[in-house]
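As they're listed, the protein sequences go chains A and B. Under numbering that gives the first Met the number 0, the letters of the first sequence match residues 0 to 400, in that order. Under numbering that gives the first Met the number 0, the letters of the second sequence match residues 0 to 400, in that order. Don't be surprised by glycine CBs; every beta carbon is placed ideally from N, CA and C. Just below is one structure, and these are the notes that go with it.
Number of protein chains: 2
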Amino acid sequence: MNLYKDLLLKSETNAILLVADGLGGVPHPEHGFKTELEAARTPHLDELAKRSVLGLATPVAPGVTPGSGPAHLSLFGYDPVEIQIGRGVLEALGVGVELQAGDVAIRGNFATKDKDGIIVDRRAGRIPTEESSALIERMSSKIETIDDVQVFLTPGVEHRFAVVLRGPGLCERVSETDPQKEGNSPNPPKALVGEAEKTRQVIERFVTLVEEVLAGEPRANTVLLRGYAEKPEIEPFPEKWGMRALGIATYPMYKGLARLVGMETPDVPGGLMEEIEHLERHFGEFDFFFVHYKPTDKAGEDADFEKKVRAIEEVDAIIPRILALEPDVLVVTGDHSTPSLIGAHSWHPNPLLLHSRFAGAEDAAKFQEATCKLGYLGHIASKDILPLILANAKRLKKFGA
Amino acid sequence: MNLYKDLLLKSETNAILLVADGLGGVPHPEHGFKTELEAARTPHLDELAKRSVLGLATPVAPGVTPGSGPAHLSLFGYDPVEIQIGRGVLEALGVGVELQAGDVAIRGNFATKDKDGIIVDRRAGRIPTEESSALIERMSSKIETIDDVQVFLTPGVEHRFAVVLRGPGLCERVSETDPQKEGNSPNPPKALVGEAEKTRQVIERFVTLVEEVLAGEPRANTVLLRGYAEKPEIEPFPEKWGMRALGIATYPMYKGLARLVGMETPDVPGGLMEEIEHLERHFGEFDFFFVHYKPTDKAGEDADFEKKVRAIEEVDAIIPRILALEPDVLVVTGDHSTPSLIGAHSWHPNPLLLHSRFAGAEDAAKFQEATCKLGYLGHIASKDILPLILANAKRLKKFGA
Numbered sequence: 000m001n002l003y004k005d006l007l008l009k010s011e012t013n014a015i016l017l018v019a020d021g022l023g024g025v026p027h028p029e030h031g032f033k034t035e036l037e038a039a040r041t042p043h044l045d046e047l048a049k050r051s052v053l054g055l056a057t058p059v060a061p062g063v064t065p066g067s068g069p070a071h072l073s074l075f076g077y078d079p080v081e082i083q084i085g086r087g088v089l090e091a092l093g094v095g096v097e098l099q100a101g102d103v104a105i106r107g108n109f110a111t112k113d114k115d116g117i118i119v120d121r122r123a124g125r126i127p128t129e130e131s132s133a134l135i136e137r138m139s140s141k142i143e144t145i146d147d148v149q150v151f152l153t154p155g156v157e158h159r160f161a162v163v164l165r166g167p168g169l170c171e172r173v174s175e176t177d178p179q180k181e182g183n184s185p186n187p188p189k190a191l192v193g194e195a196e197k198t199r200q201v202i203e204r205f206v207t208l209v210e211e212v213l214a215g216e217p218r219a220n221t222v223l224l225r226g227y228a229e230k231p232e233i234e235p236f237p238e239k240w241g242m243r244a245l246g247i248a249t250y251p252m253y254k255g256l257a258r259l260v261g262m263e264t265p266d267v268p269g270g271l272m273e274e275i276e277h278l279e280r281h282f283g284e285f286d287f288f289f290v291h292y293k294p295t296d297k298a299g300e301d302a303d304f305e306k307k308v309r310a311i312e313e314v315d316a317i318i319p320r321i322l323a324l325e326p327d328v329l330v331v332t333g334d335h336s337t338p339s340l341i342g343a344h345s346w347h348p349n350p351l352l353l354h355s356r357f358a359g360a361e362d363a364a365k366f367q368e369a370t371c372k373l374g375y376l377g378h379i380a381s382k383d384i385l386p387l388i389l390a391n392a393k394r395l396k397k398f399g400a
Numbered sequence: 000m001n002l003y004k005d006l007l008l009k010s011e012t013n014a015i016l017l018v019a020d021g022l023g024g025v026p027h028p029e030h031g032f033k034t035e036l037e038a039a040r041t042p043h044l045d046e047l048a049k050r051s052v053l054g055l056a057t058p059v060a061p062g063v064t065p066g067s068g069p070a071h072l073s074l075f076g077y078d079p080v081e082i083q084i085g086r087g088v089l090e091a092l093g094v095g096v097e098l099q100a101g102d103v104a105i106r107g108n109f110a111t112k113d114k115d116g117i118i119v120d121r122r123a124g125r126i127p128t129e130e131s132s133a134l135i136e137r138m139s140s141k142i143e144t145i146d147d148v149q150v151f152l153t154p155g156v157e158h159r160f161a162v163v164l165r166g167p168g169l170c171e172r173v174s175e176t177d178p179q180k181e182g183n184s185p186n187p188p189k190a191l192v193g194e195a196e197k198t199r200q201v202i203e204r205f206v207t208l209v210e211e212v213l214a215g216e217p218r219a220n221t222v223l224l225r226g227y228a229e230k231p232e233i234e235p236f237p238e239k240w241g242m243r244a245l246g247i248a249t250y251p252m253y254k255g256l257a258r259l260v261g262m263e264t265p266d267v268p269g270g271l272m273e274e275i276e277h278l279e280r281h282f283g284e285f286d287f288f289f290v291h292y293k294p295t296d297k298a299g300e301d302a303d304f305e306k307k308v309r310a311i312e313e314v315d316a317i318i319p320r321i322l323a324l325e326p327d328v329l330v331v332t333g334d335h336s337t338p339s340l341i342g343a344h345s346w347h348p349n350p351l352l353l354h355s356r357f358a359g360a361e362d363a364a365k366f367q368e369a370t371c372k373l374g375y376l377g378h379i380a381s382k383d384i385l386p387l388i389l390a391n392a393k394r395l396k397k398f399g400a
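Structure (structure tokens):
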């Protein structure tokens with residue numbers, strides 16, 4: 000990867016990466032054997048496809064279904080196998096927590112323990128979010144530090160919350176307290192390596208303190224912890240790729256992923272319209288713009304073909320506003336596929352469209368899987384999209400003489 | 000790469016690699032959104048395409064624009080990131096200098112220094128080539144050796160020349176004397192690693208000796224040195240690929256690159272006709288023939304669409320003579336793309352055509368980017384072309400049982 004680092008050029012050019020989450024699909028037998036992208040009316044994307052180059056991008060490796068973390072890391076030009084984002088970190092990002100180097104992030108569940116110390120409900124009856132938020136507030140006021148380690152608690156949905164430990168000498172290599180099955184006692188945390196002993200003690204003490212705060216609660220009288228993860232070391236995007244980057248996303252997890260790689264991430268309430276307004280307002284202030292659109296993935300996960308079609312059409316409708324900005328490079332793609340036939344993330348490659356003055360064009364009839372598979376860009380790894388963006392933005396000098 | 004080494008078979012077969020430098024292009028908006036290859040009348044290549052397989056070949060990596068060195072190394076089947084050719088070596092090859100293992104090659108400029116030792120002109124007023132050649136002759140006669148190091152000087156164009164140091168214990172890791180900007184003194188050479196101290200002393204002494212020779216010259220009264228580079232260690236092509244190879248090129252740099260990998264490189268004055276005559280005359284004496292054609296690249300670099308079209312048509316015209324030799328394998332491709340839209344080398348993959356009795360055929364309508372992108376060979380790395388040539392020449396045995 001130093002190959003690219005040594006070739007970076009300063010330039011005034013800009014690029015927009017528009018990610019329709021879970022964009023790709025597979026032909027659905029109950030919908031005329033079409034994919035959602037094929038079924039959607041996308042006049043603007045189709046017109047753009049005629050003046051662009053297409054391809055299919057594999058997020059991680061053949062057959063690998065990625066989570067949101069690796070799927071986005073690859074789009075940001077990082078090797079998603081080399082840099083892995085632990086569960087706790089992703090959970091923390093998902094509830095909007097800021098992480099610093101050395102932090103250990105943990106996924107927490109409220110749970111119900113009987114008088115014998117047996118877990119009888121791992122989710123404390125899925126207590127409502129308001130209730131768990133109130134408990135988190137109580138816990139936060141009582142447990143601010145453990146020795147020299149700061150403790151940050153953030154409520155999630157229902158019984159879920161995030162813990163961030165911040166202090167010197169922390170280490171993620173501690174065993175989980177969550178026994179994974181009801182009818183067992185919580186597991187005592189064990190240090191899996193010598194240098195994790197301090198973290199183990201903090202976790203043990205944390206559970207004890209929490210149980211004191213929660214004493215008398217009918218359901219949420221203890222917590223189970225898992226997915227301990229240190230913030231991964233990631234070379235910031237602006238250094239790695241030489242572009243100041245703005246990440247525009249409405250969901251905390253995607254904002255968090257963008258922030259994790261060093262993008263600036265404004266608060267953008269609302270939906271795609273508000274995202275595009277933000278893009279328009281701040282275009283010119285950054286070199287690279289990541290715009291994230293979630294509803295395509297949600298509809299795919301709901302196995303709702305028609306809803307995903309409508310979500311794709313919503314993306315299509317804003318293409319003219321993006322083109323009106325005249326970006327030097329525009330990429331439209333997904334982070335991973337979410338076929339409504341499957342109702343979940345899948346391993347299928349992402350339809351990919353790249354538009355720039357220098358990219359070429361292939362007169363494709365429509366932006367869809369069937370044209371992308373024949374595209375000039377070929378079948379590439381998602382992590383190779385970013386070098387292509389740089390090249391088209393004239394931000395890479397010649398390699399060798 | 001040992002994979003292939005272990006599979007090499009002896010055979011009587013032969014192969015021709017015809018490289019039209021900078022062949023690939025991108026659709027040009029002022030020329031009907033066609034590439035040069037699409038616009039050119041290429042009846043012979045088109046007829047050949049019907050009986051061949053096509054593909055697109057990426058020289059180095061996605062988005063990377065290669066110089067001539069890495070672009071050719073990849074065509075010769077070497078990893079162009081692993082084996083890098085320093086600037087000084089390429090410059091020396093470009094003026095036709097022979098290099099041996101352990102040599103350090105250096106790019107030199109004549110320059111003008113004022114009485115205070117300040118560089119007032121880094122190019123000595125771009126003195127004419129005849130003038131600088133005469134100076135090089137004077138310098139060569141006075142500075143043949145420095146201690147046990149031989150010094151070889153070769154004039155380039157105008158103020159440019161190449162220095163080759165040959166002797167025991169030389170090392171390229173010395174800082175450049177060229178201050179890069181007028182108004183500064185030349186930088187004293189510094190050894191960047193301990194083992195470069197001897198080379199540093201030789202360079203320092205060389206500059207002193209040169210200034211004695213040039214004393215009194217009105218413009219070219221000193222020299223600036225940069226791009227120090229050792230000849231890279233390269234496994235010779237005949238050993239690596241089991242084929243005696245002839246490199247037919249008229250430009251010194253391409254002859255030099257062929258010689259660097261151990262091809263024989265005759266002097267071929269003139270153009271493509273003379274190259275083909277040489278090929279015809281010596282066909283049968285070698286197993287592998289690299290034929291280099293420069294005008295496609297030059298026209299692309301001149302941003303001259305029509306001129307590049309004509310250059311491509313010149314290549315097309317000699318195809319029947321090449322086919323008349325009945326080579327077992329014929330590959331037609333570029334080393335990198337040079338779209339006239341960009342007017343420079345680019346990152347776009349090379350159109351690739353491979354013809355052999357065993358390659359298959361795909362009945363493509365024309366040899367152009369738009370058919371190559373759909374080709375049977377797919378989107379491959381340029382360094383994988385050579386194994387395909389070997390396979391089609393029946394020069395690779397079965398791997399495993």
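Suppose you measure from the CA of P350 (chain B) to the CA of L22 (chain B); what does that come to, to the nearest Å? 7 Å
Do we get a CB-CB distance below 8 Å when we pair P326 (chain A) with the residues of chain B? no
Going along the chain, which residues of the segment 370 to 381 of chain A sit with their C-beta nearer than 9 Å to a C-beta in chain B? L373, G374, Y375, L376, G377, H378, I379, A380
Taking 8 Å as the cut-off, does the segment 51 to 69 of chain A touch the segment 335 to 346 of chain A (at least 3 CB pairs, one atom from each stretch)? yes
Does the segment 81 to 91 of chain A come into contact with the segment 207 to 219 of chain A, if we say contact requires no fewer than three beta-carbon pairs (one atom in each stretch) closer than 8 Å? no
Element boundaries [alpha helix (DSSP H), containing V150 (chain B)]: From DSSP, V150 (chain B) is part of no alpha helix (DSSP H) but of the beta strand (DSSP E) over 148 to 154.
Beta-carbon separation of M252 (chain A) and G93 (chain A) under 8 Å? yes
Since T295 (chain A) and I311 (chain A) should fall inside the 8 Å C-beta cutoff, what is the C-beta to C-beta distance between them, to a whole number of angstroms? 6 Å
Taking 8 Å as the limit between beta carbons, can you name the residues of its chain near L8 (chain A), skipping five residues before and five after? G241, K393, R394, L395, K396
Does the beta carbon of E29 (chain A) come closer than 8 Å to any beta carbon on chain B? no
Please report the distance separating the alpha-carbon of S409 (chain A) from that of P386 (chain A). Only positions 0 to 400 of chain A appear in this structure, which leaves residue 409 (chain A) out of reach.
Across which residues does DSSP place R165 (chain B) in a beta bridge pair? B:Q149
Go to V308 (chain A), then tell me how far its alpha helix (DSSP H) extends in each direction, as first and last residue. 304 to 323
Residues of chain B with CB under 7 Å from D383 (chain A), in chain order? P61
Hey, I384 (chain A) and L74 (chain A): beta-carbon distance below 8 Å or not? yes
What separation, rounded to the nearest whole angstrom, lies between the Cα atoms of T144 (chain A) and A161 (chain A)? 16 Å
Short of 6 Å in beta carbon distance, which residues of its chain neighbour A298 (chain A), apart from the five on each side in sequence? Order them along the chain. Beyond the five residues adjoining it in sequence on each side, A298 (chain A) comes within less than 6 Å, by CB distance, of K306, K307, A310 in the same chain, given in chain order.
Counting only Cβ-Cβ distances shorter than 9 Å, please list the residues of the segment 332 to 361 of chain B near chain A, keeping chain order. P338, L340, I341, A343, H344, S345, W346, H347, P348
With 9 Å as the C-beta to C-beta threshold (strictly closer), list the residues of the segment 9 to 37 of chain A near chain C in chain order. Protein chains A and B are contained in the structure displayed, whereas chain C is not.
With contact counted as at least three CB pairs below 8 Å, one residue from each stretch, are the segment 286 to 295 of chain B and the segment 262 to 278 of chain B in contact? yes
Taking P386 (chain A) as the query, report the chain B residues whose CB atoms sit under 9 Å from its CB, ordered along the chain. Here the neighbours are A60, P61, G62, V63, W346.
Would you check whether the ligand FMN has a heavy atom nearer than 7 Å to the C-beta of E284 (chain B)? This structure does not include the ligand FMN; it has no bound ligands of any sort.
Under 8 Å by Cβ, that's how I've got N13 (chain B) and D327 (chain B) pegged, so tell me the actual separation to the nearest angstrom. 5 Å
Nearest to D146 (chain A) by alpha carbon, out of A:R165, A:P338, A:G155? A:R165
At least one CB of chain A closer than 8 Å to the CB of P69 (chain B): is that the case? yes
First and last residue of the alpha helix (DSSP H) that includes V206 (chain A)? 196 to 213
Partner residues on chain A for L259 (chain B), Cβ-Cβ distance less than 9 Å: By Cβ distance, chain A contributes nothing, its closest Cβ being about 13 Å from L259 (chain B), past 9 Å.
What are the boundary residues of the beta strand (DSSP E) that includes D120 (chain A)? 118 to 120
Interface flag, K4 (chain A) vs chain B, CB-CB below 8 Å: no
For E216 (chain A), which of helix, strand or coil comes out of DSSP? E216 (chain A) falls in the coil class under three-state DSSP.
Whole-Å CB distance - L169 (chain B) paired with K189 (chain B), under 8 Å assumed: That belief does not hold up - the Cβ atoms of L169 (chain B) and K189 (chain B) are roughly 16 Å apart, past 8 Å.
Which chain B residues sit within Cβ distance under 7 Å of F398 (chain A)? Correct list: V59, V63, T64, P65, G66, P69.
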